[in-house]
Structures are given as structure tokens and as C-alpha cells.
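Participant: Numbering of the sequence shown is given in the numbering used here, commencing with residue 1068 and proceeding in unit increments.
Backbone N, C-alpha and C define an ideal beta-carbon position, used for all residues, glycine too.
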Amino acid sequence: MVATLIALIVLIVTLLAVVALMHSVDTSNSVAGTLAFRQSALQEAERAYGEVKSLTVYAPPTSDQSDTTIGYYSSVQTASEVRPDLPKAIYDPDYSKIHEVTYGTVSSGNHVYYMIERLCPTTGPATLTTCVVPGKALTGGTSSNTTSDPGIPFNTTGSAAAYRLSVRVESGKNSVAFVQTILR
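1) Confirm, please, whether the CB-CB distance from Glu1113 to His1178 is below 7 angstroms.
2) On the criterion of 16 or more Cβ atoms from any shown chain inside 10 Å, does Ala1084 qualify as buried, or is it exposed?
3) Determine, using beta carbons only, whether Thr1197 and Ser1142 come nearer to each other than 7 angstroms.
4) Report the three-state DSSP secondary structure of Val1124 (helix, strand or coil).
5) Kindly provide the ranges of any beta strand (DSSP E) runs that are 3 or more residues long and lie completely inside the stretch 1122-1204, ordered along the chain.
6) Just to confirm the assignment, what range does the beta strand (DSSP E) spanning Arg1231 have?
7) Terminal residues of the continuous beta strand (DSSP E) containing Ala1244?
8) With DSSP run on the structure shown, which of helix, strand or coil describes Leu1083?
9) Could you tell me if Tyr1158 is buried or exposed, where buried requires 16 or more neighbouring beta carbons within 10 angstroms of its beta carbon?
10) Is it buried or exposed for Val1262, if we count other Cβ within 10 angstroms and need 16 for buried?
11) Assign Met1089 to buried or exposed, taking buried as 16 or more other Cβ atoms, counted over all protein chains shown, within 10 Å of its Cβ.
12) With distance defined between alpha-carbon atoms, name the residue in Ala1193, Gln1106 and Arg1235 nearest to Pro1127.
13) In three-state terms, what does DSSP make of Met1068?
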């Protein structure tokens, strides 16, 4: 009788240890999956960045008007109420306003969407007084050879605004990640 009671107590303790171990392993897998998706999202956003850099909308007069077929807007779009650092169309996906990256078969199962906003309050020519315009060089160092850089705003033939690229990565497991960068 005493042996049965001791065996029952050992069995209960073993069951509690198994439940605790399962919970620990489940938590570890969840954390590892989250980290893997985060890394995958950054790689997918880099692909979007590569596609966006190849577009030809970054010079006046093309940049003065929106081209929604490629996800380009010549003025800052309405911000999300939940995440004011993101455009509403990217946070609450309005798929008619964002552009999906298409680069063949995606083995990750992720869907990547982006939108580009010129950092100006309105459409039309960019001006130094209303738009966010990158400076010529960093104080105390050089970011480019400003004496020979032919691009706007380094020359004096006009001004060019900065652009904000917002990327939304959706995984097949109902996870969403956002990446933003500023382009010149």
C-alpha cells in the first residue's frame, strides 16, 4: 500500500515535470519562429527595395505626379490612426494603393507589398521650402563627392525631395512585419 502511494506521487511529479517541459519547448519554438519570420521579413523588404530602386520616378517632372500602378505617390499619404509612423494604406491594407513585389516563385510563402511617398505635402514640383530635401553632406565627414555629384539637389538646377518606402510583409502564418526606409 505504501509502495503504491509513493509510486502515485512519483507519477504525479513526473507528469508535472513533463507538462512544464512541453510548455518550455513550445515557448522556445514560438520565439524561434518569430525570430525566423523577422529575418525573413527583412530579406523580403530588401527585395522590395531593389525593385523600387530600379523605378524611374525619382526625377522631375516624373516625380511630380503620382503613379499608383507602381505604388508611387507624389505627396505624403494619410497616416494610420493606430500606427502614425505608417501610411494608412500599408497598415490597414488597401491593396488598390499598394504594389505587390513580383519576382517569380516565392519559396517563403510571404507576400510583399510596398508604397513610395515623396515627402512633400502636395503634388507638383518639389521645393526646398515645403518638401523634405536631403542635405549636401554630413558635417565633419563626406557622404559623397558633392563637387562632382550630378544629381539633384547637389547641382543647382532644381530640388528633389526625399522618398519614404514603406514595406508590408505578410507570412502564411498570419504574421505581418513592416519595414521603412528613406530614399534620396
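Facilitator: Straight from the coordinates:
1) Counted from its first residue, the sequence shown places residue 1178 at position 111. Counted from its first residue, the sequence shown places residue 1113 at position 46. No, they are not a contact pair.
2) As a first step, residue 1084 is located in the sequence shown; it is residue number 17 there, counting from the start. Sixteen is the threshold: since fewer than 16 other Cβ atoms of the shown chains lie within 10 Å of the Cβ of Ala1084, the residue is exposed.
3) Stepping through the sequence shown from its first residue, residue 1197 is reached at position 130. Stepping through the sequence shown from its first residue, residue 1142 is reached at position 75. Contact: no.
4) Start at 1 with the first residue of the sequence shown, and residue 1124 comes out as number 57. Reduced to three states, the DSSP call for Val1124 is coil.
5) 1178-1185
6) Position 164 of the sequence shown, counted from the start, is the residue given in the question as residue 1231. Looking at the DSSP string, the run of the beta strand (DSSP E) that includes Arg1231 is Tyr1230 to Glu1237.
7) Position 177 of the sequence shown holds residue 1244. Val1243 to Leu1250 is the span of the beta strand (DSSP E), which, as asked, contains Ala1244.
8) Within the sequence shown, numbered from 1, the residue matching residue 1083 stands at position 16. The three-state secondary structure of Leu1083, taken from DSSP, is helix.
9) Locating residue 1158 in the sequence shown gives position 91, counting from the first residue. Its Cβ being crowded by 16 or more others within 10 Å, Tyr1158 is buried.
10) Outside the displayed span of the chain (1068 to 1251) sits residue 1262, for which this structure offers no information.
11) Within the sequence shown, numbered from 1, the residue matching residue 1089 stands at position 22. Looking at its Cβ environment, which holds fewer than 16 other Cβ atoms inside 10 Å, Met1089 is exposed.
12) Stepping through the sequence shown from its first residue, residue 1127 is reached at position 60. Considering only alpha carbons, the answer is Ala1193.
13) Within the sequence shown, residue 1068 is the residue found at index 1, counting from 1. Coil.
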